[in-house]
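Chemist:
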Amino acid sequence: ANSDNASATELGFKAVAVSAANQVVVPEGYSAQAFLPWGTPITGSYPAFRADASNSGEDQEQQIGMHHDGMHFFPIDQKAGGSSSTEGLLVMNHEYINQGALHPDGPTSADANGGVRPEDEVRKEIAAHGVSVVHIRQDSQGTWDVVFGSPFNRRITGGTEMDIRGPVRGYEKLITRFSPDATETRGTLNNCSMGPTPWGTYLTAEENWHGYFANSAGTQPREQARHGVGSSSRYDWELADNGADAYVRFDITPGAGNADEDYRNEANTFGYMVEIDPFTPESKPQKRTALGRFGHEGVIFAPVKEGQPVVCYSGDDSRFEYIYKFVSSQPYSAATAGGYLLDKGTLYVARFNEDGSGDWLALSLEDADFAAKVAAAEGTTVGEVAFDGFANQADVLLNTRLAADIAGATPMDRPEWGAVDPNTGEVYFTLTNNSQRTEEQTNAANPLAENRTGHIIRWAEENDDHAAVAFNWDIFVFAGEQGTETVVDGNTVVSLSDDNIFNSPDGLWFDYNGRLWIQTDGSDDAPYQNNMMLAANPVTREIKRFFVGPQGCEVTGVVTTPDVKTMFVNIQHPAADWPFGTEGDHPRDAAVIVTRDDGGVIGA
Ligand code: FEO
Ligand code: CA
Ligand code: CA
Ligand code: CA
């Protein structure tokens, strides 16, 4: 990085202190306001939000969902090459739900209700998941609002019909009663982070999808067991009292259900990155299976170059899971770019070597090294799986974690978001924590036993080529209490102070000037207090706390307008009665709009 970059990434605000207050804290000279809380009507008949949570499932299908997470702002004129900072499509994920707050008196438990749940409660819960596309505009007074009646306003939920694309499309292990040719499915679930594509679409991640399914059989196939599908589901949707197959499908026990055929393969249609075209309201979401099937936290694209492959990175957020990279086999061309680029290519997994070098290991049966490792592993036990080979490349991708085990990838401390420095091309990833790593399991990239506070790793691809199969890495910062040091070549490059102690980094985003924004989802006990967002200068490693969320929340999801003068930050699972203070036990997840009182660039 040169000195111009250093000045463009300087942090010009006064750090805020830790806070345990039930409100958002921003620096002097900044303002914050809640926006698009759960239940805001955005489409259809625009049903008004009812503070007692008595809206129906049908209402919820026309309102903002719960548990806001990753989001992106698409300038309304982006397709025409513009960069509006006053009007655009804000697209956001709804990761999961506060089941207690979603209904007037909490959910009806099946146990207390003859073994079934009221259908409309289940419909509402499914509708509160997924993605919202919201057309928003700033008026002459500077106030942002939903554009009423816009054709772009849209809800995608846990029940929306979607296509399966890429190598897994048509594979027999995705055959369901709903899609006998294994080309379609219904819904996207547990959408954590996301990534905007270079061609103006939005990829939403399916993270902890396994919890939505029940398999009460004694043994599970490897494509479920490696993810921990349980004998009962998180919300008991399969027990809806009308027995509709839209709900029964969540029971994937072989032989279960009320249909001629069961739904044993339903969960195999989840665990992907899902492409949504926000500018084409009638478009059907596409599950892009070439990017692998795992607990996708999100995705981050490298800057595109004409004639070169498209490259993107994705972390698998579970303890001891991996970081992946996809390289398209077809070159990028601005004139023709589209989702087809994500259907053919090579999926790699990262190995972080002890000496600071790294290797991308191909997960392709056409790769000689991988094919040899697969052949050697046949007949052995991999993890807890008796490995009897892969039927084909679709089977490799369906079982991405198992393939990465066999390839010899480095098990990480829960990879969450990634970000690519727009000035240097370096890739950063948060490793949120891993309290279960033992001393024997430490390695140079994950050097802490019982890593409770996490760290941020970064790497540069060989020759600055994102398609390279080698890289060099270092640790950007270790999170922790006051005095926690990050040491490089014997020099202390960061020593955390009151201005920047933090734990469990999760959300991560480079703004358009190259400041790095770090969001937390960790312990809210002393000394850290409520979860927060910090800004970092990637050149100097200066880090300052910029924002503290209300009680009980995680701070996740951040984006600005192209001029970096309006920032949107999401507050997920707030406690108590945030943000409006009058709704008792129905707190509302919401975005927060942050602006500078003098109209300047955020963070500068
Ligand atoms: Fe949904 Fe890994 O955070
Ligand atoms: Ca979360
Ligand atoms: Ca996260
Ligand atoms: Ca997290």
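The sequence shown runs 73 to 676 under UniProt numbering. Built from N, CA and C at the ideal position, the CB exists for glycine as well.
Going along the chain, which residues put their C-beta within less than 6 Å of some heavy atom in ligand 4?
Modeler: E488, T504, D578, D593
Chemist: Under a three-way DSSP split, which group does G129 fall into?
Modeler: Along the sequence shown, read from residue 1 onward, the residue named residue 129 stands at position 57. G129 falls in the helix class under three-state DSSP.
Chemist: Please determine, among E557, V90, T215, G187, the residue with the shortest C-alpha to C-alpha distance to L108.
Modeler: Mapped onto the sequence shown, residue 108 falls at position 36. For L108, the nearest C-alpha among the options comes from T215.
Chemist: Closer than 7 Å to a non-hydrogen atom of ligand 3 - does that hold for the CB of C264?
Modeler: Against the sequence shown, residue 264 aligns to sequence position 192. Yes; taking the cut-off as 7 Å, the Cβ of C264 has a heavy atom of ligand 3 nearer than that.
Chemist: Would E167 and Q644 qualify as a contact pair, given that the criterion is a beta-carbon distance under 8 Å?
Modeler: Position 95 of the sequence shown, counted from the first residue, corresponds to residue 167. Position 572 of the sequence shown, counted from the first residue, corresponds to residue 644. Yes; because the gap between Cβ atoms is below 8 Å, this pair is in contact.
Chemist: Return the CA-CA distance between L520 and P99, expressed in angstroms with no decimal places.
Modeler: Position 448 of the sequence shown holds residue 520. Position 27 of the sequence shown holds residue 99. If you take the alpha carbons of L520 and P99, they lie about 33 Å apart.
Chemist: When you compare the CB positions of S400 and K377, do they come within less than 8 Å of one another, or not?
Modeler: Within the sequence shown, the letter at position 328 stands for residue 400. Within the sequence shown, the letter at position 305 stands for residue 377. For S400 and K377, no; Cβs fall outside 8 Å.
Chemist: Nearest to A663 by alpha carbon, out of A286, D149, R298, I208?
Modeler: The sequence position of residue 663 within the sequence shown is 591, counting from 1. Taking each of A286, D149, R298, I208 in turn and checking the Cα distance to A663, the smallest one comes out for I208.
Chemist: How about T525: is its Cβ closer than 7 Å to a heavy atom in ligand 3?
Modeler: Within the sequence shown, numbered from 1, the residue matching residue 525 stands at position 453. The answer is no for T525.
Chemist: Check whether the region 409–425 touches the region 381–399, taking contact to mean three or more Cβ pairs, one atom from each stretch, closer than 8 Å.
Modeler: yes
Chemist: Could you spell out where the alpha helix (DSSP H) holding Q296 opens and where it closes?
Modeler: Locating residue 296 in the sequence shown gives position 224, where the first residue counts as 1. From DSSP, the alpha helix (DSSP H) with Q296 extends over 294–297.
Chemist: Going by DSSP, which residues form a beta bridge with R617?
Modeler: Taking the first residue of the sequence shown as 1, we reach residue 617 at position 545. L606.
Chemist: Going along the chain, which unbroken runs of the alpha helix (DSSP H) with 4 or more residues stay wholly within the region 75–106?
Modeler: Within the region 75–106, the complete alpha helix (DSSP H) runs of at least 4 residues are 75–80.
Chemist: Mind checking P659: buried by the 16 CB within 10 Å criterion, or exposed?
Modeler: The sequence position of residue 659 within the sequence shown is 587, counting from 1. By the 10 Å Cβ count, P659 comes out buried.
Chemist: Counting C-beta neighbours from all protein chains within 10 Å, is the total for N642 16 or more, i.e. buried, or is it exposed?
Modeler: As a first step, residue 642 is located in the sequence shown; it is residue number 570 there, counting from the start. Buried, because 16 or more other Cβ atoms sit within 10 Å of the Cβ of N642.
Chemist: How many angstroms separate the CA atom of V468 from the CA atom of V457?
Modeler: Numbered from 1 along the sequence shown, position 396 holds the residue referred to as residue 468. Numbered from 1 along the sequence shown, position 385 holds the residue referred to as residue 457. Their backbone Cα atoms lie some 14 Å apart in a straight line.
Chemist: Using DSSP bridges, identify the partner residues of F322.
Modeler: Here residue 322 is taken as the residue at index 250 of the sequence shown, counted from 1. Note: F322 sits in no beta bridge, so no partner.
Chemist: By the DSSP assignment, the beta strand (DSSP E) with V446 in it spans what residues?
Modeler: Walking along the sequence shown from the start, residue 446 turns up at place 374. Here V446 belongs to no beta strand (DSSP E); instead the alpha helix (DSSP H) covers 440–449.
Chemist: Please state whether DSSP places Q402 in a helix, a strand or coil.
Modeler: As a working note, residue 402 is residue 330 in the sequence shown. Strand, per DSSP.
Chemist: Express the C-alpha separation of A374 and A141 in angstroms, rounding to a whole number.
Modeler: Numbered from 1 along the sequence shown, position 69 holds the residue referred to as residue 141. Numbered from 1 along the sequence shown, position 302 holds the residue referred to as residue 374. First, the amino acid is wrong: residue 141 is Asp here, not Ala. So the alpha carbons of these two residues sit roughly 22 Å apart.
Chemist: Within this structure, are the beta carbons of G111 and S204 separated by less than 8 Å?
Modeler: Working through the sequence shown from its first residue, we reach residue 111 at position 39. Working through the sequence shown from its first residue, we reach residue 204 at position 132. No.
Chemist: Could you give the first and the last residue of the continuous alpha helix (DSSP H) run that contains R195?
Modeler: One-based indexing of the sequence shown puts residue 195 at position 123. It spans 191–199 - the alpha helix (DSSP H) in which R195 sits, taken as one unbroken run.
Chemist: Which of the three DSSP states, helix, strand or coil, is assigned to A532?
Modeler: Locating residue 532 in the sequence shown gives position 460, where the first residue counts as 1. DSSP, reduced to helix, strand and coil, places A532 within a strand of the structure shown.
Chemist: Let me make sure I understand the geometry here. Which of R365, N495, V499, P190 has the alpha-carbon closest to that of A476?
Modeler: Reading the sequence shown from its first residue, position 404 is the one you call residue 476. It is R365 whose Cα lies nearest to the Cα of A476.
Chemist: Bridge partners for F501 per DSSP, in chain order?
Modeler: Taking the first residue of the sequence shown as 1, we reach residue 501 at position 429. F501 is bridged to G490, I529.
Chemist: Do V666 and A104 have their CB atoms nearer than 8 Å?
Modeler: Here the question's residue 666 lines up with position 594 in the sequence shown. Here the question's residue 104 lines up with position 32 in the sequence shown. Cβ atoms of V666 and A104: closer than 8 Å.
Chemist: For R613, which residues in the same chain have their Cβ closer than 6 Å to its Cβ, ignoring the five residues on either side in sequence?
Modeler: Within the sequence shown, numbered from 1, the residue matching residue 613 stands at position 541. The residues are V565, V566.
Chemist: Looking at Q134 and G116, is the spacing between their C-beta atoms short of 8 Å?
Modeler: Looking up residue 116 in the sequence shown gives position 44. Looking up residue 134 in the sequence shown gives position 62. The Cβ atoms of G116 and Q134 sit closer than 8 Å to each other.
Chemist: What residue does the alpha helix (DSSP H) around I236 start on, and which one ends it?
Modeler: Here residue 236 is taken as the residue at index 164 of the sequence shown, counted from 1. No alpha helix (DSSP H) holds I236; the beta strand (DSSP E) holding it covers 233–237.
Chemist: Starting from W545, follow its DSSP beta bridges and name the residues at the other end.
Modeler: Taking the sequence shown and counting its residues from 1, one reaches residue 545 at position 473. The partner list for W545 (beta bridge, DSSP) reads W531.
Chemist: Please name the residue in V320, I169, G283, R321 whose C-alpha comes closest to that of S304.
Modeler: Counted from its first residue, the sequence shown places residue 304 at position 232. The candidate whose alpha carbon is nearest that of S304 is G283.
Chemist: Identify, in the order they occur along the chain, each residue of the same chain with its Cβ nearer than 8 Å to the Cβ of N74, setting aside the five sequence neighbours on each side.
Modeler: Translated into the one-based positions of the sequence shown, residue 74 becomes position 2. With a pLDDT of 40 at N74, under the threshold of 50, the modelled position of this residue cannot be trusted; read the value that follows with caution. Nothing listed; no residue qualifies.
Chemist: Taking 6 Å as the limit between beta carbons, can you name the residues of its chain near A87, skipping five residues before and five after?
Modeler: Position 15 of the sequence shown, counted from the first residue, corresponds to residue 87. Closer than 6 Å at Cβ, skipping near neighbours: D571, K616, R617.
Chemist: Helix, strand or coil for Y284, going by three-state DSSP, please let me know.
Modeler: Sequence index remark: in the sequence shown, residue 284 carries index 212 (1-based). Y284 falls in the helix class under three-state DSSP.
Chemist: Looking only at its own chain, which residues have a Cβ that is under 8 Å from the Cβ of E244, when we skip the five neighbours before and after it?
Modeler: For the purposes of this step, residue 244 is taken as residue 172 along the sequence shown, with counting starting at 1. Around E244: A254.
Chemist: From F224 to P357, what distance separates their C-alpha atoms?
Modeler: Residue numbering aside, residue 224 sits at position 152 when the sequence shown is read from its first letter. Residue numbering aside, residue 357 sits at position 285 when the sequence shown is read from its first letter. Spanning the two alpha carbons is a distance of roughly 14 Å.
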